Amino acid sequence: MTSDTSAIFDQISKILSAHAKTDTPITPETRIAADLAIDSVEMFDIVMEIEDAYDISFPIEEASDIDSVQSLVDTIGRLTDV
Amino acid sequence: MFDIDSKKNGIFAKFAPLAKRAEAVSTLGRQPFGMTFDAMLSPTRARVGNAEVVLAGTNNYLGLTYDPRCMSAAKDAIDRQGTATTGSRLANGTYSDHVDLESALRDFFGAASALVCTTGYQANLASISALAGRGDHLLIDADSHACIYDACRLSDAETIRFRHNSPEDLAKRLSRLPAEGARLVVIEGLYSMLGDVAPVAEFVDVAHAHDAMIFVDEAHSIGCYGTNGRGVADAQGVLDKVDFLSGTFSKSFASIGGFCVSRHAAFEYVRLVSRPYLFTASGSPANVAAAHAALSVMAEDTSRMESLWARAHQLHAGLVDAGFEPASPTGPIIAVPRPDELTAVREWNALLRAGIYVNIAVPPATPQARSLLRLSVSAAHSEAEIDQIIGAFRQLSALAA
Chain W
1 MTSDTSAIFD QISKILSAHA KTDTPITPET RIAADLAIDS VEMFDIVMEI
51 EDAYDISFPI EEASDIDSVQ SLVDTIGRLT DV
Chain P
1001 MFDIDSKKNG IFAKFAPLAK RAEAVSTLGR QPFGMTFDAM LSPTRARVGN
1051 AEVVLAGTNN YLGLTYDPRC MSAAKDAIDR QGTATTGSRL ANGTYSDHVD
1101 LESALRDFFG AASALVCTTG YQANLASISA LAGRGDHLLI DADSHACIYD
1151 ACRLSDAETI RFRHNSPEDL AKRLSRLPAE GARLVVIEGL YSMLGDVAPV
1201 AEFVDVAHAH DAMIFVDEAH SIGCYGTNGR GVADAQGVLD KVDFLSGTFS
1251 KSFASIGGFC VSRHAAFEYV RLVSRPYLFT ASGSPANVAA AHAALSVMAE
1301 DTSRMESLWA RAHQLHAGLV DAGFEPASPT GPIIAVPRPD ELTAVREWNA
1351 LLRAGIYVNI AVPPATPQAR SLLRLSVSAA HSEAEIDQII GAFRQLSALA
1401 A
């Protein structure tokens, strides 16, 4: 993990833990729906929070493909690197 | 309830959590989702088993389903044109009645173009998915109806959500977008679950200031707001600035079907590319005729809209007086938030036993994962029926105990 993605992971972990319905520790491998019990509707709300945190546009179509925390970190890395 | 094959990759395995939830609901009484009415008696009354119930959740805002003008128009259409068109609008399914209805909608809304679709769901799907293409952006209210989300999925555009009813939040998200590509903002006039009204005029200003067009779904608000029921955009004085306005025939229009009108004549090209418009059979003659008759009633007569608002004020005030806290100010939709899903189901059953049918709405169909008893008012409700509804709510805690 680079320092950039590590910082994204830290921030995303905070956002996700505020929405999680389980006590599962958040690691890059954590699955957002299966392990944190965050449903697709709530994931869309998280996307809005991420857009505001990073001042980016994050289309919800991108969110549909995200399974793990790592894939979310990678997507944000890509969307912020423009 | 129904057996689910426990095999790991069984196709029904994904329904197991849902089955568990449905089972919990069914232990509390009647199944509230997809309930059967054994006989319809009027716009506001039905028979369930041997009991007569007052209907307080039908979206039949103007109560025109039994209006003699709508009924005779539908019967006459069957006599003239049969029961179905058996074809799509592009092929053999466009009759002069479809074209006449589009013309009447253009006149009513002062629009340059009107598209009539087979359902309200398809009207949004057809219009939004065709208007926004690859490289474009759709900006939708977070509380949008499922058909708007589905339209976004069908479109090749990218979708950005903004916070519910917040023009400021929309402005922020529009300002982040790249300069390339068209932008379409999608809002609803009146939101179907909580019954809250959008600040359409402010949204119009924000959209146009950011070089975006605006699409307003007035499915629940036509017939209820604005001059002769032209909707919330009209009530807020911006109907002529709205780029696209959609509606459904399944509520105030006492039929089934949907439409989208536009002040841009080029909207006509949507007919040639939109899959939900092209690849489905057109509205049946009876449905088209009933919708047209309802539109004529609306255009000529505001007395039903006045009755609707009188009954809405009566119901809203009565529920507040009974100690409930509706989610929104007085309107045709009155949503009463409940603490959780099982409480809502228990109360829904208690109301039904007391002779009152309301809608129940639970996550994920509701904003903020709320559980709601949702009531809609009809112009056809009598004062006595509204009193009966309020009376049942007054006794709700005892009834549901």
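Going line by line, the protein sequences match chains W and P.
According to this note's numbering, the first sequence is numbered sequentially starting from 1.
According to this note's numbering, the second sequence is numbered sequentially starting from 1001.
Just so it is clear, CB atoms sit at the ideal spot from N, CA and C, and this is done for glycine as well.
The structure displayed is predicted, hence computed values, not measured ones.
Chain P contact residues for residue i, given Cβ-Cβ distances below 9 Å
{"i": "W/F9", "result": "The premise fails here: W/F9 is roughly 23 Å from chain P at the closest Cβ pair, so nothing lies under 9 Å."}
Chain-ordered chain W contacts of residue i [CB-CB under 9 Å]
{"i": "P/E963", "result": "In the structure as shown, chain P begins at 1001 and stops at 1401. Residue 963 of chain P is therefore absent and cannot be evaluated."}
Local Cβ density within 10 Å of residue i, reported as buried at 16 or more and exposed below that
{"i": "P/Q1395", "result": "exposed"}
{"i": "W/T2", "result": "exposed"}
{"i": "P/V1345", "result": "buried"}
{"i": "P/K1251", "result": "buried"}
{"i": "P/E1300", "result": "exposed"}
{"i": "P/I1356", "result": "buried"}
{"i": "P/M1426", "result": "Missing from the structure shown is residue 1426 of chain P; chain P here goes from 1001 to 1401 and no further."}
{"i": "P/G1189", "result": "buried"}
{"i": "P/P1329", "result": "exposed"}
{"i": "P/D1234", "result": "buried"}
Chain-ordered neighbours of residue i on chain P, where CB pairs are closer than 7 Å
{"i": "W/D39", "result": "P1364"}
Contact list for residue i against chain P, beta-carbon separation under 8 Å
{"i": "W/M48", "result": "A1142, R1161, F1162, R1163"}
Proximal chain W residues relative to residue i, where beta-carbon distance stays under 7 Å
{"i": "P/L1125", "result": "Neighbours of P/L1125 on chain W: none; closest Cβ ~16 Å, over 7 Å."}
Chain W contact residues for residue i, given Cβ-Cβ distances below 8 Å
{"i": "P/L1177", "result": "S57"}
{"i": "P/R1173", "result": "E51, S57"}
Straight-line gap, residue i to residue j (C-alpha atoms, nearest Å)
{"i": "P/H1210", "j": "P/T1159", "result": "16 Å"}
{"i": "W/I46", "j": "W/S17", "result": "11 Å"}
{"i": "W/S68", "j": "W/H19", "result": "15 Å"}
{"i": "P/R1288", "j": "P/R1080", "result": "The sequence as given places Val at residue 1288 of chain P; Arg does not occur at that position. Spanning the two alpha carbons is a distance of roughly 13 Å."}
{"i": "P/M1213", "j": "P/A1157", "result": "14 Å"}
{"i": "P/A1123", "j": "W/I50", "result": "32 Å"}
{"i": "P/G1229", "j": "W/D52", "result": "38 Å"}
{"i": "P/S1129", "j": "P/R1183", "result": "13 Å"}
{"i": "W/D81", "j": "P/L1018", "result": "40 Å"}
{"i": "P/I1148", "j": "P/L1125", "result": "7 Å"}
{"i": "P/D1205", "j": "P/E1168", "result": "11 Å"}
{"i": "P/T1083", "j": "P/Y1225", "result": "33 Å"}
{"i": "P/A1111", "j": "P/V1216", "result": "14 Å"}
{"i": "P/L1245", "j": "W/S6", "result": "46 Å"}
{"i": "P/R1486", "j": "P/S1096", "result": "Shown here, chain P extends from 1001 to 1401; a query on residue 1486 of chain P therefore has no answer."}
{"i": "P/P1364", "j": "P/A1146", "result": "10 Å"}
{"i": "P/T1085", "j": "P/A1077", "result": "11 Å"}
{"i": "P/S1144", "j": "P/D1067", "result": "31 Å"}
{"i": "P/L1373", "j": "P/H1313", "result": "18 Å"}
{"i": "P/V1320", "j": "P/G1093", "result": "49 Å"}
Residue i: CB within 7 Å of a non-hydrogen atom of the ligand ATP
{"i": "P/S1296", "result": "Looking for the ligand ATP in the displayed structure turns up nothing, as the structure carries no ligands at all."}
Within-8 Å CB hit, residue i to chain A
{"i": "P/E1188", "result": "Protein chains W and P are contained in the structure displayed, whereas chain A is not."}
I want to know whether the stretch 1305 to 1325 of chain P touches the stretch 1157 to 1176 of chain P - three or more CB-CB distances under 8 Å. no
Cβ contact check for the stretch 1136 to 1146 of chain P and the stretch 10 to 29 of chain W: 3 or more pairs under 8 Å: no
Taking only runs of the alpha helix (DSSP H) that begin and end inside the stretch 1287 to 1372 of chain P, which ones reach a length of at least 4 residues, in chain order? 1303 to 1321, 1341 to 1353
List in chain order: all unbroken alpha helix (DSSP H) runs of 4+ residues lying wholly within the stretch 1103 to 1162 of chain P. 1120 to 1131, 1146 to 1154
Evaluate the contact criterion for the stretch 1338 to 1352 of chain P versus the stretch 1021 to 1032 of chain P: three or more CB pairs, one atom per stretch, below 8 Å. yes
Unbroken stretches of the beta strand (DSSP E), 3 residues or longer, contained in the stretch 1020 to 1090 of chain P: 1039 to 1042, 1045 to 1048, 1051 to 1055
Three Cβ pairs or more, each shorter than 8 Å: is that satisfied between the stretch 1043 to 1054 of chain P and the stretch 1255 to 1273 of chain P? no
At a cut of 8 Å, does the stretch 1110 to 1121 of chain P reach the stretch 1259 to 1270 of chain P through at least three beta carbon pairs? yes
For the pair the stretch 1239 to 1251 of chain P and the stretch 1272 to 1280 of chain P, tell me if three or more CB-CB distances fall below 8 Å. no
Return the chain-ordered ranges of every alpha helix (DSSP H) run that is complete within the stretch 1189 to 1239 of chain P and spans a minimum of 4 residues. 1200 to 1209, 1232 to 1235
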